[in-house]
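The numbering used here puts the sequence shown at residues 2 to 992.
Where a beta carbon is used, it is the ideal one built from N, C-alpha and C, also for glycine.
Since this is a predicted model, take the numbers as computed values, not measurements.
Comments concern the structure below.
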Amino acid sequence: MAVARIHAAPIARLHTSLATTAFLSALILGCALHYRKIVKNSVAQYPDEWFPSVSATIGDWYPERNIFQILIALTSGPRFALVFLQYFLHHSSTSSLPTVVFLSGLVRTLSCGGWVYITSSDDHDVHDFMMILYMVCNIPWMLLGIACTPPARTSVRRKRMLIAGAFFATIGPLVYFFIQHKVHRIPGAYTRYAFFEWGLIFFDVLYDSVAEQEFREADLHASCLLTLAGSHIDKPLANAVESALAPAHTTHATSQNASRIPASWRNVLTFLSDVYLSYVFWTLFTSLIPTLFYFSVWKLGIAGHELALLSVLSPLLLSLQTNLVPSVLAYARSRKGQGTLQLISLIGVVAYLVPSPGGRLGLVAVANIVAVMRQVVAWSGIVDGETDVPYQAIVTGLGILTSSLLKQANRANNPLWPFINHKAGGYNKTGLVLALLAIYEYSARPVFSTPKTTKKSTAQVKPEPFQSAWRGALPLGSLLFCIHNLLSEPSTLIAWSWTGYENRLPRGPVPHIHGSLTVLAMALGLLLACISSKNNKLGSVLTSPAWFLFGTGSSYVMYAYRNWMGYVGGLGVAAFLMSLLPGVFHTAAYSAGDVGGSGRNISKTYSMALAVYCVLNLASIFTVAYAFVPGGIYLRERTDLVTTIQIACFLPAFRWSTSKSSGHAISTSSQTRYATKDKYKPHILITLFILSSLSLLTTLHRVPRTIPVPYKSGTRIFNTGIWTVHFGIDNEGHDSQRGILNLIKDMELDIVGLLETDLHRTAFGHRDLTRLIVEESNYNVDIGPGPNAHTWGAVLLSKFPIISTKHHLLPSPHGELAPAIEAVLDVYGTEVLVVVAHNGQEEDPLDRELQSTELAKIMAASTRPVVFLGYVVTKPHTPRPNPYGIMVNEGNVHDIDEDDLDRWGLYRTSYARVSRGIITDTETQIGQFVLPRQGHNVTDDSKEARYLRSRKEELAVEHWFPMPYYGDEKQGGVNGHYYHVFNTIPESAEL
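Below you can see the structure in the form of structure tokens.
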């Protein structure tokens with residue numbers, strides 16, 4: 002048996018050579034043999050598209066595809082060797098980063114095989130998934146690889162930084178041009194995308210090539226065993242294998258360190274259980290207000306059920322201690338108490354089984370009493386001997402991040418909410434089983450005792466108890482509110498900045514496409530918080546007035562600006578809020594009696610914090626619900642005031658003095674305490690990476706692959722509808738998103754106006770009623786004025802291209818603001834103006850008159866055909882100042898059916914009213930239109946022509962509305978929906 006030693010540097014050189022040859026050969030052969038075929042795509046061909054993408058080059062044609070795959074197969078050996086060699090060179094017993102780099106390198110290599118051997122023509126989705134996974138794995142491979150490179154190797158480190166910077170800088174324009182091609186279908190965009198795609202390949206190969214220089218400088222060798230015939234493998238073989246990979250000057254002791262496992266499976270299970278239970282808590286916490294607001298919506302005022310919000314003030318119970326009731330705080334601080342309270346809180350998840358909205362609210366309220374009380378004890382310091390405030394803060398952040406990701410993946414609905422059952426995409430049973438397993442793991446895990454904090458370190462400063470409680474309560478209460486109000490759903494910040502379309506393109510980010518950027522910003526903030534626990538300089542920055550000014554400035558930009566500028570401010574707010582979690586939690590724990598102390602102020606501090614949370618929630622709701630609550634007029638449209646107050650509440654959490662006495666807000670002691678949970682830091686980093694990657698993959702998986710197409714394309718017929726959907730809550734208190742989708746699909750509506758749709762508020766759960774419809778039925782969407790516009794919302798869905806839109810806030814001097822969307826659509830090549838409006842309130846006659854006048858001006862000024870889709874409370878045929886007379890006479894529009902005295906609308910070929918069913922308290926009104934050929938107008942606009950009636954059997958089938966909906970409330974129809982029957986056929990008609 003002999004040992005062969007070879008230099009490691011040539012292995013890296015071989016990898017570079019094979020990879021470069023593979024891609025260049027495919028590009029050269031592809032351009033030489035199939036040029037016009039590989040530049041052609043679903044949107045355009047040569048000459049609009051003139052440079053091929055990587056996917057088309059390597060995957061579509063013989064022989065370039067086969068040669069490329071053979072060369073890549075040869076590259077796999079050196080590639081795996083490069084990953085192992087680099088890990089061996091960087092591994093350390095004191096850091097887990099090399100392990101993360103090693104694992105990401107393995108996944109990166111395997112995913113490369115996925116998109117190479119499963120081409121876009123084989124399976125487009127799998128190919129894209131593997132390609133995206135490969136790019137995502139490059140984040141830890143490159144960034145953490147740079148961090149693991151020894152500082153002494155200056156040249157290697159500098160080259161990697163430059164190449165990685167170029168790689169990541171290329172991703173931005175790559176995604177931009179991909180969206181231009183895939184979503185907006187712009188000819189030539191794919192060619193520009195292809196340049197950046199090839200750029201990623203170039204920088205990727207170039208980054209790996211730097212390993213050759215590093216191996217050479219380290220004098221790294223690889224050893225292999227050559228066993229001759231008849232030789233036996235014995236103990237010398239084990240010694241040879243142990244030193245099979247070693248630098249020339251590496252000692253045997255260093256080799257043995259490589260075999261140490263960085264974390265046990267027990268630690269992994271413990272960490273995952275903590276994160277999942279944190280997610281369950283956030284689920285219960287955020288489900289309370291939407292569950293109780295169901296009653297407020299139906300009453301349109303204070304219903305009394307709002308008192309259930311006070312259930313989050315349950316930390317008051319922690320002060321109970323009598324002869325009959327042992328110390329509640331002591332019990333909640335024990336392992337048994339925590340497990341029991343977690344188990345009891347699951348009644349909030351089980352509440353989905355209760356059919357009654359009132360019954361569900363009762364269970365959710367009780368669940369929050371228990372869950373909040375248990376959670377604040379965990380946040381406050383010691384549970385069963387373990388000191389873990391910073392760890393609890395990070396785990397809470399991961400639970401919030403998990404909730405945001407699941408809502409993104411589940412069409413803006415949390416799958417465990419009690420009002421999201423299986424019909425609405427809920428996974429209640431699965432979530433409940435996982436919660437039970439997590440609680441079992443929590444109860445069964447071993448106890449790790451840690452030294453308690455001494456009195457000297459816990460009592461450096463002892464301000465008055467009341468002042469101390471407020472000092473911790475204000476930042477915590479505001480932070481809980483801000484995260485709930487702004488970061489519960491990734492698209493909420495986009496709704497704040499949304500203004501619509503211009504020149505057929507959105508002016509800013511699109512909710513169902515760019516929401517993952519919010520998740521990335523949240524993950525970045527949490528990463529900064531995690532890193533700061535071991536980095537005094539970064540920790541000082543996150544507690545400095547400069548960081549507070551950054552958060553304040555970002556909040557101002559988010560509030561004052563729109564489109565991309567406003568959204569960038571929102572991303573700054575997301576990172577700022579998540580980075581505050583450990584510091585704010587520590588400030589609250591200090592105010593409550595310090596970590597590990599007596600907990601003298603736990604009940605007071607956390608009750609005050611939750612009271613601040615409740616007050617800010619009510620204030621934010623009153624900015625739009627001012628017409629329905631006592632004293633609401635003082636907060637009317639004052640989101641600026643609420644934003645200012647919530648930011649001001651963070652002031653006590655920052656260092657405003659250099660004296661030692663002021664440092665307790667987020668003191669360095671929190672960094673030493675974090676050492677008790679430092680073993681979980683690799684898990685935190687990996688979890689942040691996984692959640693961020695899954696968010697990106699979810700977005701790319703859900704991007705529409707085709708452009709929207711009208712239901713009756715080619716006939717010049719289009720169906721329109723208007724529906725007040727009652728905030729996406731049906732009569733039974735469940736989410737109605739799928740029911741809305743089914744009716745829209747069944748009615749084959751090409752243009753739809755939905756009203757009462759602004760759900761990006763705590764009152765409605767930060768949901769998005771358009772997400773499911775857009776992704777499953779492929780509509781263009783304008784979500785209308787956002788939550789900072791103080792309306793109840795309006796949405797436009799269109800199968801036709803949206804050329805431009807303009808949002809209006811109709812004049813409302815006394816009552817609620819009424820939204821309107823003025824949209825220009827490309828309907829079969831003709832520009833048509835569609836107006837969606839909601840001015841249905843009848844309490845203020847002046848408001849109704851002014852709003853109707855404004856709508857009439859918009860429609861009368863149009864030189865295009867006009868379709869009005871609106872909800873207007875008025876009696877047909879009544880003159881001004883009633884809305885009917887204003888809009889018909891001054892707006893120059895026709896009533897769709899003047900004989901229907903229950904409602905009114907526009908010129909049509911067909912018209913129907915679909916009964917309410919269980920989805921909402923209003924009907925769906927549907928009109929069908931036929932567009933004259935391009936260049937022609939309506940030839941007879943007389944009343945007789947407009948109201949000419951025919952039986953449906955006399956018309957082509959294309960004009961018929963779906964037959965299953967014929968019937969009445971006793972029989973027929975679908976899910977309680979059926980067409981209303983009007984007695985409008987003349988008696989003299991021959992039937």
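Item to check | Distance between residue 706 and residue 19 (C-alpha atoms, nearest Å) | outcome: Their Cα atoms are separated by approximately 34 Å.
Checklist entry - Below 9 Å between beta carbons: does that hold for residue 217 and residue 8? => result A Cβ-Cβ contact shorter than 9 Å links residue 217 with residue 8.
Item to check | Boundaries of the alpha helix (DSSP H) in which residue 99 is found, first to last residue | outcome: It spans 98-118 - the alpha helix (DSSP H) in which residue 99 sits, taken as one unbroken run.
Item to check | For residue 108 and residue 138, the rounded distance between their alpha carbons | outcome: Using only the alpha carbons, I get a separation of about 7 Å.
Checklist entry - Which ranges does the alpha helix (DSSP H) cover as unbroken runs of at least 4 residues, wholly within the region 30-102, from first to last along the chain? => result The region 30-102 contains these whole alpha helix (DSSP H) runs: 55-60, 65-91.
Checklist entry - Just reading off the beta strand (DSSP E) that residue 820 is part of, what are its end residues? => result Taken as a continuous stretch (DSSP letters only), the beta strand (DSSP E) holding residue 820 covers 819-828.
Checklist entry - What residue from 810, 625, 488, 804 has the CA that sits closest to residue 503's CA? => result Of 810, 625, 488, 804, the residue nearest in Cα terms is 804.
Checklist entry - Looking only at its own chain, which residues have a Cβ that is under 6 Å from the Cβ of residue 801, when we skip the five neighbours before and after it? => result The answer, listed in chain order, is 826, 827, 828.
Next on the checklist: Cutting at 7 Å between CB atoms, please list the residues of its own chain near residue 693, excluding the five before and the five after it.
Outcome noted: Counting only Cβ-Cβ distances below 7 Å, and skipping sequence neighbours, we find 520, 521, 524.
Checklist entry - How about residue 16 and residue 99: are their beta carbons less than 9 Å apart? => result Going by C-beta atoms, residue 16 is not nearer than 9 Å to residue 99.
Item to check | Segment contact flag, the region 436-445 with the region 315-322, C-beta cutoff 8 Å, min 3 pairs | outcome: Taking 8 Å as the limit for Cβ pairs, the verdict is that the region 315-322 does not touch the region 436-445.
Checklist entry - Can you round the beta-carbon distance between residue 41 and residue 501 to whole angstroms, since I take them to be within the 8 Å contact cut? => result Beta-carbon to beta-carbon, residue 41 and residue 501 are separated by about 33 Å, too far to satisfy the 8 Å threshold.
Checklist entry - Shortest alpha-carbon distance to residue 644 belongs to which of 372, 656, 622, 445? => result Comparing Cα positions, the closest option is 622.
Checklist entry - When the distance is taken between beta carbons, is residue 730 closer than 9 Å to residue 420? => result In this structure, the beta-carbon distance from residue 420 to residue 730 falls below 9 Å.
Item to check | Nearest-angstrom Cβ-Cβ length linking residue 495 and residue 478, presumed shorter than 8 Å | outcome: The C-beta distance from residue 495 to residue 478 rounds to 26 Å, too long to fall under 8 Å, and the pair is not in contact.
Checklist entry - Does the pairing of the region 559-568 with the region 275-294 give three or more beta-carbon distances under 8 Å? => result Because the criterion of three Cβ pairs below 8 Å is not met, the region 559-568 and the region 275-294 do not touch.
Checklist entry - Which residue spans inside the region 597-641 form an unbroken alpha helix (DSSP H) run of at least 4? => result Fully enclosed alpha helix (DSSP H) runs of 4 or longer: 603-623.
Next on the checklist: Short of 7 Å in beta carbon distance, which residues of its chain neighbour residue 620, apart from the five on each side in sequence? Order them along the chain.
Outcome noted: Exclusion of the five residues before and after residue 620 leaves 636, 643 as the residues of its chain whose Cβ lies within less than 7 Å of its Cβ.
Item to check | C-beta atoms of residue 86 and residue 280 nearer than 9 Å | outcome: Here residue 86 is not near residue 280, since their CB atoms are 9 Å or more apart.
Checklist entry - What are the complete alpha helix (DSSP H) segments, minimum 4 residues, inside the region 348-414? => result Within the region 348-414, the complete alpha helix (DSSP H) segments of 4 residues or longer fall at 348-351, 358-381, 390-410, listed in chain order.
Checklist entry - Going straight from the alpha carbon of residue 531 to that of residue 586, what length do you get? => result If you take the alpha carbons of residue 531 and residue 586, they lie about 13 Å apart.
Checklist entry - Can you give the beta carbon distance from residue 197 to residue 178, rounded, assuming they're within the 8 Å contact cut? => result That pair is a contact at about 7 Å.
Next on the checklist: Based on DSSP bridge pairs, tell me the residues matched to residue 752.
Outcome noted: Per the DSSP secondary-structure output, residue 752 pairs in a beta bridge with 721, 799.
Item to check | Those residues which DSSP pairs with residue 838 across a bridge | outcome: Residue 838 is bridged to 821, 871.
Item to check | CA-to-CA distance, residue 184 to residue 874, given in whole angstroms | outcome: For residue 874 and residue 184, the distance between alpha carbons rounds to 38 Å.
Checklist entry - CB of residue 556 to nearest heavy atom of the ligand MG: below 8 Å? => result Absent from the structure shown: the ligand MG. Ligands present: none.
Next on the checklist: Relative to the C-alpha of residue 715, which candidate in 931, 444, 343, 83 has its C-alpha closest?
Outcome noted: Closest option to residue 715, Cα to Cα, is 931.
Next on the checklist: Measuring CB atoms only, is the region 330-337 touching the region 756-776, in the sense that at least three cross pairs come out at less than 8 Å?
Outcome noted: The region 330-337 is not in contact with the region 756-776.
Checklist entry - What are the partner residues of residue 573, as DSSP defines its beta bridges? => result Assignment of beta-bridge partners to residue 573 by DSSP yields no partner.
Item to check | C-alpha distance - residue 213 paired with residue 160, whole-angstrom precision | outcome: Straight-line Cα distance between these residues: approximately 12 Å.
Next on the checklist: On a Cα-Cα basis, can you pick out the residue from 760, 702, 709 that is closest to residue 726?
Outcome noted: Minimum Cα distance to residue 726 is reached at 760.
Checklist entry - If we count the other Cβ atoms within 10 Å of its Cβ and call it buried at 16 or more, is residue 13 buried or exposed? => result Within 10 angstroms of the beta-carbon of residue 13 lie 16 or more other beta-carbons, which makes it buried.
Item to check | Proximal residues to residue 112 (C-beta, below 6 Å), its chain only, five neighbours per side dropped | outcome: The residues are 131, 134, 135.
Next on the checklist: Determine whether the beta carbon atoms of residue 821 and residue 857 lie at a separation below 9 Å.
Outcome noted: Contact: no.
Checklist entry - Going straight from the alpha carbon of residue 328 to that of residue 612, what length do you get? => result When the Cα atoms are used, residue 328 and residue 612 turn out to be separated by approximately 23 Å.
Checklist entry - residue 443 and residue 274 look like a contact to me (Cβ under 8 Å); what is the Cβ gap, rounded to whole Å? => result About 6 Å; that satisfies the 8 Å criterion.
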